[in-house]
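Working notes, structure below.
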Amino acid sequence: MKIKQLPENVINKIAAGEVIERPANVLKELIENSLDAGANKIEVFIEKGGKRLIKVKDNGTGIEPDDIPKAVKRFTTSKIFSEDDLFNLETYGFRGEALASISAVSKFKLISRTLGNPVGYELYIEGGNIKHFKETGCGIGTSVIVEDLFFNIPARQKFLKSDRTELIHILDVFSKYAFLHTDKYLSITVDGKQLYNFYPSTLKDRVLNIIGKENEKDLIEIEYEGNIGTIKGLISTSSYITKKKYIFINGRPVRNWLIQNTIKSIIGDNFYILFFQFPSYFVDFNVHPAKEEVKFVKESSVVSLIKGALNENLNKFKSISYQFKKEETDQLKQKTATYNAKKNFEIIGQIEDTFLIAYFNGEVYFIDQHVAHERIFYEMLMEEFLEKGNIPSQRLIIPSKLSFAPDEIQRLNILKDKLKNIGFEFDIEENIVLLKAIPYNLKQNEAENALREILETGNLNISFEEIFSNIACKMSVKAGDRLNEEKAYSLLENWLKTNNPNLCPHGRPIYYKISLDEIKKYVGRK
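The sequence shown stops at residue 526 when you use the UniProt record's numbering, and every number in between is there.
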């Protein structure tokens, strides 16, 4: 299919341009281009967390010689041609911006050959300037080589994280497309060592290759059809497998807080990988430059679909290690509501300054001190916020200067009013934030760390619940903190007063218990 310039009316309908913030964004665009080209073999090569090299080689249809120079111009695409096409997307790429954005900030090489052409062609660009376009020998398909990302924007380059952190983001992108396209061969080689080499397989086999085959017994397959769409995928019944979650909508990896929060309310913080299929009119992908967020025509229908799918499979969740029955929760709270913790619980000790061991009513409790404390602070913050409508501030005697990446500054500007509502006040000067006030119940370093974590989520629609979860985490005692008897009993008593003593705000289990009878039976005393 020939590449054409988009009509002006379509350009005006397209949301903000592509934003290349880090190597993982580059990889995402290149893999999607390979998939759109019909490739069934995609090889990825990474060096130094993608800062030095990102290479994607495929066996797709290739690009015609006269189309290669057009491919790196803005708003040139072979995917859509009219305004109506925006509502019937069948490809990943449709803006016609990715290669132009990437080639403008790197040393960029595109090598491609189509069936019927005896030779391939190589286009080389540095910082947006074409250096050469020539014939070359290559197989059918396309290779894109991106070197020295942000070499011409030193200020942006210095805000990249460590090689390891950037690689984590790269592997996350690679995993998403490996899960989504189990019928294709995908491999990734990092600094000369092949990490993954996936041949066509089932979704379950591919997932187990990443999270470990020993976790097979903990995976449940989900398949459900509702009025507005379908859900298929896998959910873990163990909280000890990876905490990663993967959501795909109409074949695209996306972030969606409505879906995530609905699932979390039912199964906590367990691993899942779910594929949603909706009619094209029901979903709008054209709301985010990277096409990672979506809008739904009717959000309540999505919530109903998820609840229907998971409730139908509730019998499969009986083995979830941390999911306590409601009767058990009520029983625990009823037993402790009228008692003083010090009178009724006996704290036996502390393991590795991380877990409190307590005895109560014939049962031994192993309590994670950090997440128990987190639950206390989370409910305290939520209660105060719901009552007053905000969290009071404390002024800093000397304002704190914090440096942020340009994309984080953008998020700060968008979230400024919401953050002020919970106690953060600041001014922004270029990439420097002058922090003038923080939530009254946080230490300065805790507030600064909480602010950074909130921004690192990348979620511009972050809820107050998520913000308070982050703040509560920073306020709480940590694993490794030694608690004296008075502090231990105080923590225990306040924890027992919470509305949900089973799970921390992030969905992690707070305690594990075993009855004295079970212990006696195990050692042969009963």
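Don't be surprised by glycine CBs; every beta carbon is placed ideally from N, CA and C.
Query: Take the Cβ of N311 as the centre, count every other Cβ of all protein chains shown within 10 Å, and call the residue buried at 16 or more, exposed below.; Result: exposed
Query: Going by beta carbon distance, what residues of the same chain come within less than 6 angstroms of G49, once the five residues before and after it are set aside?; Result: D163, E166, L167
Query: Just to confirm the assignment, what range does the alpha helix (DSSP H) spanning F174 have?; Result: 163-180
Query: If you measure between the beta carbons of K420 and R395, is that distance less than 9 angstroms?; Result: no
Query: List the DSSP bridge partners of Q277.; Result: T230
Query: Under a Cβ-count criterion, where at least 16 other Cβ atoms within 10 Å of its own Cβ denotes burial, should T237 be classed as buried or exposed?; Result: buried
Query: So, for N499: in the same chain, excluding its five sequence neighbours on each side, which residues have a beta-carbon less than 8 angstroms away from its beta-carbon?; Result: E379
Query: So, with DSSP's three-state summary, where would you put V297?; Result: coil
Query: I need the DSSP call for E387, collapsed to helix, strand or coil.; Result: helix
Query: Please state whether DSSP places S112 in a helix, a strand or coil.; Result: strand
Query: Count the other C-beta atoms from every protein chain shown that fall within 10 angstroms of the C-beta of E225, then say buried if there are 16 or more, exposed otherwise.; Result: exposed
Query: For K401, count neighbouring C-beta atoms within 10 Å of its own C-beta (all shown protein chains included) and say buried if the count is 16 or more, exposed if not.; Result: exposed
Query: If you run the structure through DSSP and keep just helix, strand and coil, what is T136?; Result: strand
Query: Taking all protein chains shown into account, do 16 or more other C-beta atoms lie within 10 angstroms of the C-beta of H370, making it buried, or fewer, making it exposed?; Result: buried
Query: To the nearest angstrom, how far is the alpha carbon of N250 from that of E32?; Result: 14 angstroms
Query: Beta-carbon within less than 8 angstroms of I510's beta-carbon, same chain only, minus the 5 sequence neighbours each way: which residues are those?; Result: I367, D368, V371, A372, R375, W495, P501, N502, L503, C504
Query: K184: which of K176, I170, S201, V297 sits nearest, CA to CA?; Result: S201
Query: Give me the DSSP bridge partner(s) of Y196.; Result: I188
Query: Identify which residue in R525, D66, L219, F276 has its Cα closest to the Cα of I228.; Result: F276
Query: Please confirm whether S103 and I125 have their CB atoms less than 9 angstroms apart.; Result: yes
Query: May I have the straight-line CA-CA distance separating E146 from K478, to the nearest angstrom?; Result: This sequence places Val at residue 146; Glu is not what is there. Rounded to the nearest angstrom, the two C-alpha atoms are 42 angstroms apart.
Query: Look at K57 and E43 and say whether their C-beta atoms are less than 9 angstroms apart.; Result: yes
Query: Cutting at 8 angstroms between CB atoms, please list the residues of its own chain near Y196, excluding the five before and the five after it.; Result: F174, A178, L186, S187, I188, N209, I210
Query: Would you mind listing the alpha helix (DSSP H) stretches within the UniProt domain "MutL C-terminal dimerisation" (347-483) that are 4+ residues and don't spill past its ends, in chain order?; Result: 369-388, 406-421, 444-456, 464-475
Query: Just how far apart, CA to CA, sit L171 and G524?; Result: 49 angstroms
Query: DSSP has I63 in a bridge; who is on the other side?; Result: I63 pairs with nothing; no bridge assigned.
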